[in-house]
Amino acid sequence: MLRTSSEILAPIREKVEAGERLSFDDGLVLESPEAPLPEVGELANLVRERKNGNAGYYNINTHLNATNICVYRCSFCAFRSDLRQAKGYWMQDDAILERGREAVENGCTEMHIVGGLHHQAKYDWYRKVVSLLHDNYPDLHLKAWTPVEIDWFARLTKKPISWVLEDQREAGLGSMPGGGAEIFHPEIRSKICEHKADSGRWFETHRTAHQLGLRTNCTMLYGHIEQPRHRIDHLIRLREQQDESLAAGSDGFQTFIPLSYHPENNKLGEENNLRKPSGLMDLRQMAVARLMLDNIDHIKAYWIMLGIGTAQVALSYGADDIDGTVRHELIYHDAGATTPEVMGVSEIERIIREAGREPIERDTLYRRVERSGEGWSVGEKITAEA
Ligand code: SF4
């Protein structure tokens with residue numbers, strides 16, 4: 051006899067209501083088209099409101115991709131350039147400082163810094179990107195470098211990851227973003243980014259950062275050639291790392307960001323004739339992440355990738371954060387994102403309110419930002435499970 055949709059989700063509903071952890075097999079059920087999306091979303095919303103109430107977090111931030119020239123050739127990447135390609139660029143000190151000045155003038159609290167691994171750039175240049183900005187704009191939080199870059203710096207310097215992270219922190223690094231995770235499972239990773247830091251190195255970098263007291267984020271790039279089992283495997287690996295970091299007394303990952311694949315201008319999309327994931331797929335990934343990652347406080351609906359409408363709905367499908375006002379985003383716009391390149395504060399607050407949530411400006415470390423005529427200051431840390 052066929053089971054009804056509610057019967058399929060009943061055991062999971064019981065666990066979620068009791069605050070119990072979901073298994074790998076539960077994850078596969080949530081991914082199945084037989085599990086109705088509205089019900090999966092309702093369960094995710096239960097966890098979201100338990101952890102973060104009615105808050106819809108955002109920040110005022112900007113991006114810096116100081117070079118797009120990269121030694122690697124990840125097949126999903128539309129951003130990278132070869133050394134001699136016309137689109138290749140390498141920002142020098144004055145351009146980097148100008149980006150910092152513009153950020154501060156526009157009230158940004160955070161700069162998100164990632165980019166390519168330039169064949170000719172020495173480690174000292176990457177360090178200088180951070181120290182130059184930190185020395186001139188000390189209030190700007192620098193959220194910089196993925197494990198792919200940290201691994202590259204370790205190779206350039208022949209030093210361990212812990213040395214690189216401590217040296218970067220001394221230069222002004224405030225925390226790390228979550229990129230470079232893609233899909234951890236080797237069946238997929240070997241096809242989309244076989245050369246860059248593998249999953250072991252990715253986790254080693256975050257584990258070390260957590261041990262040093264740095265907060266970090268984590269991501270998953272979905273909607274290309276992976277299967278549901280690869281996504282659930284990915285989420286469980288993150289959950290296990292978070293268990294380990296929390297047990298060791300670190301604060302661990304702050305936020306998980308599901309990244310919706312964009313197929314334009316990249317080899318992966320062209321060779322596999324891929325389409326952008328649908329809005330329904332995006333919402334399911336948001337909800338599944340919220341339900342599986344019971345030990346990570348925040349789930350972000352990155353509006354740049356999702357589009358504003360889907361990001362709004364995602365605020366009721368597990369997400370509590372919508373990222374920021376964002377300036378100078380290149381990576382997903384190069385891959386076909388059609389969202390605006392910047393959003394004003396009043397607009398971001400309007401779209402959060404319209405989604406039925408209370409807009410709260412946070413800094414990178416989830417402290418409430420207070421603004422006055424003289425500028426901004428940070429208040430109390432916003433605690434989850436509020
Ligand atoms: S994803 Fe990063 S490491 Fe891979 S090719 Fe693009 S810039 Fe290089």
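Under my numbering, the first residue of the sequence shown carries the number 51, and numbering increases by one thereafter. Ideal Cβ placement from N, Cα and C applies to all residues, glycine included. Here the structure is a predicted model, which is why all the values come from computation and not from measurement.
Would you identify the three-state DSSP class for residue i, choosing helix, strand or coil?
{"i": "residue 102", "result": "helix"}
{"i": "residue 266", "result": "strand"}
{"i": "residue 74", "result": "helix"}
{"i": "residue 173", "result": "helix"}
{"i": "residue 308", "result": "strand"}
{"i": "residue 271", "result": "strand"}
{"i": "residue 137", "result": "coil"}
{"i": "residue 166", "result": "coil"}
{"i": "residue 414", "result": "coil"}
{"i": "residue 276", "result": "coil"}
{"i": "residue 58", "result": "helix"}
{"i": "residue 398", "result": "helix"}
{"i": "residue 421", "result": "strand"}
{"i": "residue 428", "result": "strand"}
{"i": "residue 391", "result": "coil"}
{"i": "residue 131", "result": "strand"}
{"i": "residue 154", "result": "helix"}
{"i": "residue 117", "result": "strand"}
{"i": "residue 126", "result": "coil"}
Can you pull the DSSP bridge partners for residue i?
{"i": "residue 111", "result": "160"}
{"i": "residue 202", "result": "According to DSSP, which records beta bridges pairwise, residue 202 is partnered with nothing at all."}
{"i": "residue 86", "result": "For residue 86, which the question treats as bridged, DSSP gives no partner whatsoever."}
{"i": "residue 408", "result": "105"}
{"i": "residue 253", "result": "Answer is none; residue 253 lacks a bridge partner."}
Identify, in the order they occur along the chain, each residue of the same chain with its Cβ nearer than 7 angstroms to the Cβ of residue i, setting aside the five sequence neighbours on each side.
{"i": "residue 127", "result": "316"}
{"i": "residue 345", "result": "289, 292, 293, 296"}
{"i": "residue 165", "result": "115, 116, 117, 118"}
{"i": "residue 425", "result": "none"}
{"i": "residue 423", "result": "none"}
{"i": "residue 241", "result": "275"}
{"i": "residue 198", "result": "230, 246, 247"}
{"i": "residue 188", "result": "none"}
{"i": "residue 319", "result": "313"}
{"i": "residue 147", "result": "182, 186"}
{"i": "residue 430", "result": "417, 418"}
{"i": "residue 202", "result": "167"}
{"i": "residue 403", "result": "409"}
{"i": "residue 384", "result": "128, 129, 315"}
So, at 6 angstroms on beta carbons, what are the nonlocal neighbours of residue i in its own chain, with the 5 sequence-adjacent residues on each side left out?
{"i": "residue 84", "result": "58"}
{"i": "residue 349", "result": "306, 339, 340, 368, 369"}
{"i": "residue 234", "result": "249, 284, 287"}
{"i": "residue 253", "result": "291"}
{"i": "residue 149", "result": "114"}
{"i": "residue 76", "result": "62"}
{"i": "residue 206", "result": "173"}
{"i": "residue 405", "result": "362, 365"}
{"i": "residue 393", "result": "375"}
{"i": "residue 386", "result": "312, 314"}
{"i": "residue 98", "result": "340, 368, 370"}
Who are the Cβ neighbours of residue i in its own chain at under 8 angstroms, not counting the five residues just before and after it?
{"i": "residue 215", "result": "200, 223, 255, 258, 259, 262, 264"}
{"i": "residue 298", "result": "260, 261"}
{"i": "residue 333", "result": "87, 91, 360, 363, 364, 367"}
{"i": "residue 464", "result": "The displayed coordinates of the chain run from 51 to 436. Any statement about residue 464 would go beyond what the structure contains."}
{"i": "residue 343", "result": "285, 288, 289, 292, 306, 349"}
Any beta carbon of chain C sitting closer than 9 angstroms to that of residue i?
{"i": "residue 94", "result": "No chain C is present in this structure, which holds just one protein chain."}
Is residue i near ligand 3, going by C-beta to nearest heavy atom under 8 angstroms?
{"i": "residue 120", "result": "This structure lacks ligand 3; its bound ligands are ligand 1."}
| At what residue ranges does the segment 180 to 247 contain a whole run of the alpha helix (DSSP H), taking only runs of 4 or more? | 197 to 207, 211 to 221, 236 to 242
| said: List, from N- to C-terminal side, the alpha helix (DSSP H) runs of 4 residues or more that fit wholly inside the segment 311 to 385. | reply: 317 to 322, 329 to 342, 353 to 356, 358 to 364, 381 to 384
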